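Scroll down for the structure; my scribbles are underneath it.
What follows is the structure, given as structure tokens:
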């Protein structure tokens, strides 16, 4: 377990009533970080991934360390700088707005 | 002090418009949920300070927000809408079959007697219910499981359950409308349903008088006459006087019988309102003139209402849930447009003013008559 930094888009910050960047104490995988994020901010349940299947919503992407992690396994280790808290995991709304 | 609270859902948030009984001066509050598409928000008849809203979006899905103070503050509640069992398939636009998939909430209908109980109509078409003020939602699957679902198909906005009318004399008697499936009725609180579309004729389906497949756009009921319903269909304005056992056309002298919303005067059960729209492809008013049509005879004979509405170069649309009527002694009528205007009339439609002119495209309008 370590402190993982997560940055959220405006819609989700509004919903969770939080700052752009939050920290959660979790294993350094997508699934564990999102579990911890939803536990701390229940209003985010269902907005990033399906609440039953855990599948990422189609217009949501995950970036970190200038890499697109959207299609990584949810149980794959996050990059070391994210696990070490030096870089954030970015939750991004896909560029589909014009 | 009595007054009204107009609840406006738009493509980019929700707005709450309030005024006293005179309905001349308005306070505009919003946007709430900026950036979210708010297909609908509605107030509880049992507790006017209890409101429910359904913001959604393509990126982050559906959320439900609840207010306990008349719309000043909101809190997210439950947003898990799961079909019960195998949801099966419905028709896609080309007639092929697609599995049911939840997309969004189109309409919220709070109970007349319990502020914690709400029905929600969703896309793909189904009916959900909460009895804990929105924390959890449970499908009433009998509607979807009648066996005719494979004949339902989406309208232009998706396959949506958009209208919910509960008989005020018998809460177990509920009517819903689905585009494009038709009207369905339950008499046991939602366990068993039957299609009630006899008399509807729709050229867009293989058999014009089919049991299901009709693109019903909106329904309205006066609480004193729950056996009488009025319908704006894709084409045709219809009415029933036998609880939807049979329908007859009352389009009469309308300039076009295509349109989306229909409403009933609060004190005159035979006075109804529609907004004729040129066609199912144009989606703007005939001749560039925005006209509400009123019938004082329950249909057939209609008069245009134009005072205060643009009568040239107007090419907005008025969507199915974007008209509402208050219950003040002089009945007020309100509607919103895809151009972002919300018009109001404090005299039953004789004269109109724009309450606001430049909101995002209006998706829904509801009004609460405050004590």
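Chains as they are written, first to last, in the numbering used here: chain A, 352 to 449; chain B, 177 to 547.
Quick reminder that beta carbons are idealized off the backbone N, C-alpha and C, glycines included.
All of these numbers come straight from a predicted model, not from anything done at the bench.
Any C-beta of chain B under 7 Å from that of residue i
i, result
"residue 397/A", "yes"
"residue 410/A", "yes"
"residue 444/A", "yes"
"residue 432/A", "no"
"residue 359/A", "no"
"residue 379/A", "no"
"residue 366/A", "yes"
"residue 402/A", "yes"
"residue 387/A", "no"
"residue 422/A", "no"
"residue 383/A", "no"
"residue 427/A", "no"
"residue 415/A", "no"
"residue 394/A", "yes"
Residue i: first and last residue of the uninterrupted beta strand (DSSP E) it sits in
i, result
"residue 389/A", "Unbroken run through residue 389/A is the alpha helix (DSSP H), 381–391; no beta strand (DSSP E)."
"residue 364/A", "Element bounds for residue 364/A: not the beta strand (DSSP E) but the alpha helix (DSSP H), 361–367."
"residue 286/B", "280–286"
"residue 437/B", "435–440"
"residue 224/B", "No beta strand (DSSP E) holds residue 224/B; DSSP gives it neither H nor E."
"residue 205/B", "203–208"
"residue 479/B", "479–481"
"residue 412/B", "Taken as a continuous stretch (DSSP letters only), residue 412/B belongs to no beta strand (DSSP E), as it is neither H nor E."
"residue 211/B", "Residue 211/B -> no beta strand (DSSP E), and no H or E assigned at all."
"residue 353/A", "353–358"
"residue 394/B", "392–397"
"residue 522/B", "Element bounds for residue 522/B: n/a, residue is neither H nor E."
"residue 374/A", "372–377"
"residue 499/B", "499–501"
Cα-Cα separation, residue i to residue j
i, j, result
"residue 448/B", "residue 340/B", "18 Å"
"residue 416/A", "residue 365/A", "25 Å"
"residue 396/A", "residue 268/B", "29 Å"
"residue 542/B", "residue 219/B", "8 Å"
"residue 228/B", "residue 241/B", "6 Å"
"residue 429/B", "residue 540/B", "27 Å"
"residue 497/B", "residue 427/A", "46 Å"
"residue 527/B", "residue 500/B", "16 Å"
"residue 473/B", "residue 332/B", "31 Å"
"residue 454/A", "residue 363/A", "The structure shown does not extend to residue 454/A, since chain A spans only 352 to 449, so no value can be given for it."
"residue 216/B", "residue 246/B", "15 Å"
"residue 144/B", "residue 252/B", "Look at the range of chain B in this structure, 177 to 547, and you will see that residue 144/B is not part of it."
"residue 445/A", "residue 470/B", "45 Å"
"residue 388/A", "residue 179/B", "43 Å"
"residue 481/B", "residue 525/B", "6 Å"
"residue 371/B", "residue 232/B", "29 Å"
Neighbour flag for residue i against chain A, beta carbons, 7 Å
i, result
"residue 256/B", "yes"
"residue 185/B", "no"
"residue 252/B", "yes"
"residue 236/B", "yes"
"residue 211/B", "yes"
Helix, strand or coil at residue i [DSSP, three-state]
i, result
"residue 379/B", "coil"
"residue 535/B", "coil"
"residue 363/B", "coil"
"residue 427/A", "coil"
"residue 323/B", "coil"
"residue 246/B", "coil"
"residue 310/B", "coil"
"residue 315/B", "strand"
"residue 445/B", "coil"
"residue 394/A", "helix"
"residue 463/B", "helix"
"residue 266/B", "strand"
"residue 336/B", "strand"
"residue 231/B", "strand"
"residue 370/B", "strand"
"residue 473/B", "coil"
"residue 241/B", "strand"
"residue 506/B", "coil"
"residue 402/A", "coil"
"residue 410/A", "coil"
For residue i, the first and last residue of its enclosing alpha helix (DSSP H)
i, result
"residue 431/A", "431–434"
Does the pairing of the region 310–321 of chain B with the region 376–386 of chain B give three or more beta-carbon distances under 8 Å?
Not touching, per the Cβ criterion.
Measuring CB atoms only, is the region 253–272 of chain B touching the region 187–198 of chain B, in the sense that at least three cross pairs come out at less than 8 Å?
Touching, no.
Give a yes or no on contact between the region 427–447 of chain A and the region 371–380 of chain A, applying the rule of three or more CB pairs nearer than 8 Å.
In short, these stretches touch, since the Cβ pair count reaches three.
Are there three or more Cβ pairs, one per stretch, closer than 8 Å when the region 484–502 of chain B is compared with the region 458–468 of chain B?
The region 484–502 of chain B is in contact with the region 458–468 of chain B.
Against chain C, which members of the region 238–249 of chain B pass a CB distance test of less than 8 Å?
Within the model displayed, chain C is absent; protein chains A and B are what it includes.
How do the region 184–195 of chain B and the region 379–399 of chain A stand: do at least 3 beta-carbon pairs fall below 8 Å, yes or no?
Cβ pair count under 8 Å is below three, so no.
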